[in-house]
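Chains as they are written, first to last, in the working numbering: chain A, 54 to 349; chain B, 54 to 349.
Now the structure itself:
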């Protein structure tokens with residue numbers, strides 16, 4: 054029965070075949086070679102490349118055309134494009150089609166999708182915590198999702214059957230799934246994901262060009278995510294403004310405390326700050342290692 | 054003649070055989086198997102391990118004993134220990150011995166070393182931009198320095214012969230060297246190194262424990278350096294208080310600007326911030342790649 058339901062998603066349309074969408078196509082093909090994947094994009098060249106690398110079986114520039122046979126539609130563009138795309142595709146969706154996404158923010162996305170899709174299709178918000186600062190289908194990797202976590206954000210309006218099927222879809226790709234409300238997702242991700250990205254970008258922008266020759270691997274690692282797509286991150290900020298601002302405000306308080314310890318030359322307080330960070334991060338990595346051992 | 058002068062440093066004492074000191078011992082042995090390396094430490098177990106991995110030929114817990122035959126002494130402990138160690142070793146130094154260090158801050162270090170050593174030995178401040186968040190000689194690697202930059206911070210009191218010899222010493226290990234004043238070093242490193250470390254530590258500390266399960270590879274990379282030794286980073290902060298505070302203040306201004314753009318929902322401004330960071334970091338990496346090609 055379980056495998057029956059998951060075979061329901063035989064026809065999958067991926068809207069936006071960049072790094073994430075392309076990787077998703079490759080990942081689905083790897084576990085379920087019989088699935089038919091349609092790729093929707095706004096540039097012919099990306100679509101051709103998606104076909105060439107095997108991330109899609111068919112491609113189209115027309116979203117409505119691309120979704121009409123789909124059992125599952127997955128939105129993989131920057132979240133700022135979800136609303137117009139949903140409007141274009143809504144009238145073309147098959148009955149019982151399920152729509153999900155891979156967007157990094159959820160409250161606004163889920164609200165918009167439920168409003169536009171209404172009874173035409175069930176929407177299940179998804180956020181697979183996987184990605185790269187790289188861009189484009191040429192960097193797509195079928196193993197991008199395995200072993201990672203996918204957050205599902207059902208609401209009172211989410212049909213439980215659709216939720217189960219989407220949950221199983223991500224499990225099939227080797228992902229752990231967790232469920233929480235869209236609002237809780239956005240608050241948590243503001244702190245663990247959007248805040249780090251904003252801080253990394255500002256850490257680059259605060260530098261004098263001359264000093265960058267002196268930067269070591271620490272700087273390069275700390276700012277890796279600042280190489281991410283500006284449009285995607287603009288959209289993430291715009292769709293999670295309040296939670297990100299709260300995270301930034303909380304962060305500035307920590308900066309102020311550090312500056313106070315510096316001003317007072319309080320070595321013990323400074324050591325405590327660094328020791329706490331070292332311990333917390335160490336425990337986090339240990340926990341992940343244990344999880345991997347259990348699952349592997 | 055060049056090789057003569059550099060052969061002068063036949064007898065080298067490394068004070069502090071942790072990850073950096075141990076790596077230095079291995080690196081010297083790799084390029085100059087005939088060099089004699091004495092390791093000084095405060096724990097028997099680290100000294101035994103330094104011997105076992107071949108990072109030192111002889112070891113001692115006694116700094117004065119350890120330096121007495123040295124042509125070159127390299128301080129590799131946290132900078133907070135430099136002053137007592139220099140006091141212990143100063144009376145035992147051979148005439149014409151040169152002392153250098155690998156400390157991450159320079160103005161205070163150079164001032165202290167010049168004051169304590171006076172005419173007993175020349176001091177040349179060094180900062181090889183190489184390291185790891187790991188700790189201990191068991192993580193030592195002989196290739197830690199090759200291809201990286203070492204900053205030398207001579208003053209009006211630095212004998213030019215000693216400066217040349219230390220410069221050549223780092224070149225021998227495959228390092229590019231640049232020279233600047235201790236004050237300029239500390240201002241630049243406050244921004245490109247100490248600031249990233251402080252921000253990474255605070256980024257860990259601001260998190261709710263529950264959320265850490267949701268953190269992706271972006272968070273893990275951005276906070277890698279927060280795994281660094283708290284005592285070392287306490288000392289770096291304490292010996293570069295003013296420049297680090299200035300860097301933090303400048304950073305908070307960038308945070309405030311970002312928050313303003315968020316509050317106004319100014320997508321164009323947000324995109325500019327992320328695009329600038331992406332471009333600057335991309336140019337920096339391109340430049341390094343070109344340098345590697347030229348040198349390699």
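Ideal Cβ placement from N, Cα and C applies to all residues, glycine included.
is_contact[residue i, chain A] using C-beta, thresh 8 angstroms
| i | result |
| --- | --- |
| residue 223 of chain B | no |
| residue 409 of chain B | Here chain B has residues from 54 to 349 only, and residue 409 of chain B is not among them. |
| residue 274 of chain B | yes |
| residue 54 of chain B | A caution first: residue 54 of chain B carries a pLDDT of 37, below 50, which makes its placement in the model too unreliable to give a value. |
| residue 312 of chain B | yes |
| residue 228 of chain B | no |
| residue 109 of chain B | no |
| residue 278 of chain B | yes |
| residue 80 of chain B | no |
| residue 193 of chain B | no |
| residue 301 of chain B | yes |
| residue 342 of chain B | no |
| residue 241 of chain B | yes |
| residue 67 of chain B | no |
| residue 337 of chain B | yes |
Contacts of residue i in chain A (Cβ-Cβ under 7 angstroms)
| i | result |
| --- | --- |
| residue 290 of chain B | 315, 323 |
| residue 326 of chain B | 254, 258 |
C-beta neighbour in chain B for residue i, strict 8 angstroms
| i | result |
| --- | --- |
| residue 245 of chain A | yes |
| residue 298 of chain A | yes |
| residue 204 of chain A | yes |
| residue 156 of chain A | no |
| residue 251 of chain A | yes |
| residue 334 of chain A | yes |
| residue 347 of chain A | no |
| residue 127 of chain A | no |
| residue 104 of chain A | no |
| residue 58 of chain A | Residue placement at residue 58 of chain A is poorly supported in this model, since its pLDDT is 45, which falls under 50; the coordinates still yield a value, given next. Not one chain B Cβ lies under 8 angstroms of residue 58 of chain A. |
Contact list for residue i against chain A, beta-carbon separation under 8 angstroms
| i | result |
| --- | --- |
| residue 63 of chain B | What residue 63 of chain B touches in chain A: nothing, since even the nearest Cβ is about 30 angstroms away. |
| residue 307 of chain B | 255, 258, 259 |
Interface partners of residue i on chain B, CB under 9 angstroms
| i | result |
| --- | --- |
| residue 329 of chain A | 254, 257, 258, 283 |
| residue 184 of chain A | 269, 270, 271 |
Residue i vs residue j beta-carbon contact at 8 angstroms
| i | j | result |
| --- | --- | --- |
| residue 323 of chain B | residue 245 of chain A | no |
| residue 100 of chain B | residue 320 of chain A | no |
| residue 240 of chain B | residue 72 of chain B | no |
| residue 109 of chain B | residue 92 of chain B | yes |
| residue 129 of chain A | residue 67 of chain A | yes |
| residue 142 of chain A | residue 177 of chain A | no |
| residue 70 of chain B | residue 94 of chain B | yes |
| residue 192 of chain B | residue 125 of chain B | no |
| residue 314 of chain A | residue 242 of chain A | no |
| residue 312 of chain B | residue 298 of chain A | yes |
| residue 278 of chain A | residue 276 of chain B | no |
| residue 254 of chain B | residue 330 of chain A | yes |
| residue 215 of chain B | residue 183 of chain B | no |
| residue 198 of chain B | residue 228 of chain B | yes |
| residue 168 of chain B | residue 79 of chain B | no |
| residue 257 of chain B | residue 343 of chain A | no |
| residue 144 of chain B | residue 284 of chain B | no |
| residue 219 of chain A | residue 151 of chain A | yes |
| residue 85 of chain B | residue 64 of chain B | no |
| residue 281 of chain A | residue 250 of chain A | yes |
| residue 294 of chain B | residue 318 of chain A | yes |
| residue 235 of chain A | residue 211 of chain A | no |
| residue 165 of chain B | residue 138 of chain B | no |
| residue 155 of chain A | residue 308 of chain B | no |
Within chain B, the residues that residue i reaches when beta carbons sit closer than 7 angstroms
| i | result |
| --- | --- |
| residue 161 of chain A | The contacting residues do not exist; residue 161 of chain A stays about 12 angstroms from chain B at best. |
| residue 320 of chain A | 287, 291 |
Interface residues of chain A facing residue i [CB-CB closer than 9 angstroms]
| i | result |
| --- | --- |
| residue 294 of chain B | 315, 316, 318 |
Neighbour flag for residue i against chain D, beta carbons, 8 angstroms
| i | result |
| --- | --- |
| residue 265 of chain A | The structure shown contains no chain D; the protein chains it does contain are A and B. |
Beta-carbon neighbours of residue i, restricted to chain B and to distances below 8 angstroms
| i | result |
| --- | --- |
| residue 248 of chain A | 256, 259 |
Nearest-angstrom Cβ-Cβ length linking residue i and residue j, presumed shorter than 8 angstroms
| i | j | result |
| --- | --- | --- |
| residue 247 of chain B | residue 160 of chain B | So it is not a contact: roughly 13 angstroms between Cβ atoms. |
| residue 337 of chain A | residue 265 of chain B | 5 angstroms |
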